[in-house]
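Protein chains in written order, with our numbering: chain P, 2 to 396; chain D, 2 to 396. Even glycine gets a Cβ: it sits at the ideal position worked out from N, Cα and C.
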């Protein structure tokens, strides 16, 4: 393949090695480098639920996600901006990506009216009437100050018919053009005369549901609009069958430039990460590790394990004997089950930490396999073990 | 004063310096040394609520407390014993003290019947009928395996009349004699032929309510029974006026041998710790720092601060500008308020951690002042600032 144009400094992306569609890369941002493929934990309200930034760093997290919509509601974008932006506010000095709120507007909000101008809806917090437009969302994400910001898009249910999917995808493209203009205007703006420019990268979001042709058309339109620093892949893992998601990833992989990072939004589970890397994805995010941790379920190399199970009551083993996380290094299943069934916060913490560590380590291992030329065999073996084993079986 | 008899190895206690009744000492246990005066956070169910053992260690915690009654209910003493004891179960390799359950039996349980043999009551968890006797509690605390275990005592409300206080105090003395016999028997027992003996220290509990004469009689009876390795002071900070508590501490200080550690049970707040040290107390425990942290209230050198207050919404300062804890080093009042009002677990964690760190540091500072000969002035100044200032005032 021909060498892609370099990204605008301080951003950079290099693919160091490939294995089929899988890539091992480095994505450089104003707050440091991210080795890809990488999993980003979700810090919805400027906190990855129950976890401390120092724990995330120690777990190997290099980049995390926050939700522009949620932060616009609480504590409000002006407050975050006035306190120095998200990095300082939440004590995280590494890269951050903000989701635009598209997903939340179309999943959480009620009484929603979509017009070409934007979306009117009710806040899920206090019922107030809100208006999000491509321009207002760019200003919102500017105020929050993440390294990577996502366009405002029109999100539809995962198995929508082609007509609805086309309508939403085409609206997302028109909104992308407006996001691009407002983003460019904001890049010239300085909050004060002596303020340094705030370097941010705007990622478009590729929609199109489970319709290959729509995905290809969207990719053509998006890549024709600009030389984007990276691409979001939206509208997957939202209820469609897994084979449909994998098929769409293959379509998108072929349609997007190889020299830019691809971010599969809202995904996911360990098996989806491995399948995504196989199909050329570089970045992932999902609330699953923390949400499942709070609900007592953990990932292990042998599949999922529910710590509430009675068999674990006196089990002295770690959650996953192959895991080196602070939870597995120090605590037994019996202790973690005790914490969980007595509603102790430390239990939710330790299970969430294990799950985040698990996904981050999984992506690090996948990267090493790509770099070492063993990715195909490794991913086959990994998927087979994950799908076929029972983590609660004695070994 | 004459040198006291040494404690039985591996226990030891040395008073290194004094300032009036205040003492700076070192209490040595099988799991390491505790510099006194010291505050012990409470890990009711084998977890200091929301905090990780590594955080506690980093905060300078040297010893913590767990509740035998709660652990007997969940997960059960046999499970803890079979998994290697409390230290291994909860991942804490420093000293642990277990409360005997006396306080819980008399505060949480319902349908309680006190007989000379022991107490029959209903479990607060599942309503099951339970019997605690001095002997059964010694076996319970033996199974849990803490370094210091407390006698089973009869606890009464803080302002009970002299007759009720005498009845309970005298029963506690008779129960102490039974605890002592069962403890001695258990010290000879080995779970298996090749098992090492489990070194534990049994502390009596000095009761007597707010009645100086009862306190003196109890001290005489207890010290006449054995050369105890340390003393619990019970039945204070349970509703009586503060001057009554301080007066009782002065009575107890005069009545107990100076060469043994004194542990004021269930106390407390920062001002109570300083007042306690002034009156010869070496060890304290209380759920206050974690319970208040979960409720959004923190200690500062200028008094208590409620993080929910609207004025803190955009306050960029740390909770306590003089505090070096991980919360104050990294996060603003504005961020902590945001976490608290959005019910984020990290908020409760960070506030609990600050409060624990505050009390541990306060005791370390008091110790340094005793060692450096500045304790009287330091404690006067500290109490005056704590009582007179407003932490939410701009400075």
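Closest Cα partner of residue i within the set the options
| i | options | result |
| --- | --- | --- |
| residue 253(P) | 271(P), 278(P), 384(P), 80(P) | 278(P) |
| residue 157(P) | 166(P), 349(P), 105(P) | 166(P) |
| residue 56(D) | 378(P), 351(P), 190(P), 176(P) | 351(P) |
| residue 315(P) | 333(P), 325(P), 212(P) | 333(P) |
| residue 311(P) | 288(P), 335(P), 293(P) | 335(P) |
| residue 210(P) | 69(P), 284(P), 159(P) | 159(P) |
| residue 22(P) | 250(P), 218(P), 308(P) | 250(P) |
| residue 103(D) | 339(D), 154(D), 174(D) | 154(D) |
| residue 418(P) | 381(P), 164(P), 134(P), 141(P) | There is no way to answer for residue 418(P), as the model of chain P reaches only from 2 to 396. |
| residue 64(D) | 182(D), 284(D), 259(D) | 284(D) |
| residue 110(D) | 116(D), 95(D), 129(D) | 129(D) |
| residue 218(D) | 168(D), 380(D), 204(D), 266(D) | 168(D) |
| residue 214(P) | 339(P), 202(P), 255(P), 384(P) | 255(P) |
| residue 236(D) | 227(D), 228(D), 205(D) | 205(D) |
| residue 388(D) | 270(D), 324(D), 152(D), 343(D) | 270(D) |
| residue 181(D) | 266(D), 16(D), 152(D), 365(D) | 152(D) |
| residue 137(P) | 259(P), 62(P), 376(P), 69(P) | 69(P) |
| residue 125(D) | 119(D), 114(D), 115(D), 105(D) | 105(D) |
| residue 185(P) | 203(P), 15(P), 115(P) | 203(P) |
| residue 323(P) | 300(P), 339(P), 338(P) | 300(P) |
| residue 266(D) | 33(D), 101(D), 59(D) | 101(D) |
| residue 75(D) | 381(P), 338(P), 379(P) | 338(P) |
Outcome for residue i when other beta-carbon atoms lying within 10 angstroms are tallied against a minimum of 16
| i | result |
| --- | --- |
| residue 197(P) | exposed |
| residue 257(P) | buried |
| residue 242(P) | exposed |
| residue 358(P) | buried |
| residue 127(P) | exposed |
| residue 45(P) | buried |
| residue 363(P) | buried |
| residue 280(D) | buried |
| residue 276(D) | buried |
| residue 112(P) | exposed |
| residue 142(D) | buried |
| residue 7(P) | exposed |
| residue 244(D) | exposed |
| residue 20(D) | buried |
Cβ separation of residue i and residue j, assumed to be a contact under 8 Å, to the nearest whole Å
| i | j | result |
| --- | --- | --- |
| residue 40(P) | residue 274(P) | 6 Å |
| residue 28(D) | residue 200(D) | Rounded, the Cβ-Cβ distance is 14 Å, inconsistent with contact. |
| residue 426(D) | residue 303(D) | This structure leaves residue 426(D) out entirely; chain D is present only between 2 and 396. |
| residue 139(P) | residue 187(P) | 6 Å |
| residue 38(D) | residue 268(D) | Going by Cβ atoms, the distance from residue 38(D) to residue 268(D) rounds to 12 Å, so no, they are not a contact pair. |
| residue 238(D) | residue 208(D) | At roughly 13 Å, the Cβ-Cβ gap does not stay under 8 Å, so residue 238(D) and residue 208(D) are not in contact. |
| residue 234(D) | residue 264(D) | 7 Å |
| residue 1(D) | residue 293(P) | Chain D is shown from 2 up to 396; residue 1(D) falls before or after that span and cannot be answered. |
| residue 132(P) | residue 117(P) | Not a contact, Cβ separation roughly 13 Å. |
| residue 226(P) | residue 295(P) | That pair is no contact at about 40 Å. |
| residue 5(D) | residue 231(D) | Actually they are not in contact, since the Cβ atoms of residue 5(D) and residue 231(D) sit about 12 Å apart, beyond 8 Å. |
Other residues of its chain near residue i: CB distance less than 7 Å, five sequence neighbours each side excluded
| i | result |
| --- | --- |
| residue 329(P) | 319, 320, 321, 355 |
| residue 297(P) | 307, 308, 309, 341, 352 |
| residue 395(P) | Here the model assigns residue 395(P) a pLDDT of 46, short of 50, so the residue's position is not dependable and the matter cannot be decided. |
| residue 384(P) | 272, 275 |
6 Å CB neighbourhood of residue i in its chain, flanking five on each side removed
| i | result |
| --- | --- |
| residue 286(D) | 41, 43, 66 |
| residue 107(D) | 156 |
| residue 18(P) | 25, 371, 372 |
| residue 326(P) | 355, 358 |
| residue 360(P) | 40, 290 |
| residue 31(P) | 11, 148, 200 |
| residue 161(P) | 210 |
Cut-off 8 Å between Cβ atoms - residues of its own chain near residue i, not counting five sequence neighbours on either side
| i | result |
| --- | --- |
| residue 87(P) | 47, 67, 72, 81, 93, 97, 99, 145, 146, 147 |
| residue 386(D) | 302, 303 |
| residue 221(D) | 256 |
| residue 248(D) | 211, 213 |
Check: residue i C-beta below 6 Å from any heavy atom of the ligand SAH
| i | result |
| --- | --- |
| residue 375(D) | Ligands are entirely absent from the displayed structure, and the ligand SAH is therefore not among its contents. |
- Task: Could you please tell me which residues of the region 334-352 of chain D, in chain order, have their CB closer than 9 Å to any CB of chain P?
- Result: 335, 336, 338, 339, 340, 342, 343, 345, 346, 347, 348, 349, 350, 351
- Query: Can you list, in chain order, the residues of the region 84-101 of chain P whose Cβ is nearer than 7 Å to any Cβ on chain D?
  - Reply: 84, 90, 91, 92
- Query: Going along the chain, which residues of the region 241-261 of chain D sit with their C-beta nearer than 7 Å to a C-beta in chain P?
  - Reply: For the region 241-261 of chain D, which is checked against every Cβ of chain P, not one residue is closer than 7 Å.
- Query: Just by C-beta distance, which residues in the region 278-310 of chain D are closer than 7 Å to chain P?
  - Reply: none
- the region 359-382 of chain P: which residues have C-beta closer than 8 Å to a C-beta of chain D, in chain order? Going along the region 359-382 of chain P in chain order, one finds no residue with a Cβ nearer than 8 Å to chain D.
- Message: Beta carbons nearer than 8 Å to chain P: which residues of the region 312-325 of chain D have them?
- Response: 314, 315, 317
- Query: Can you list, in chain order, the residues of the region 58-86 of chain D whose Cβ is nearer than 7 Å to any Cβ on chain P?
  - Reply: 75, 76, 80, 83, 84
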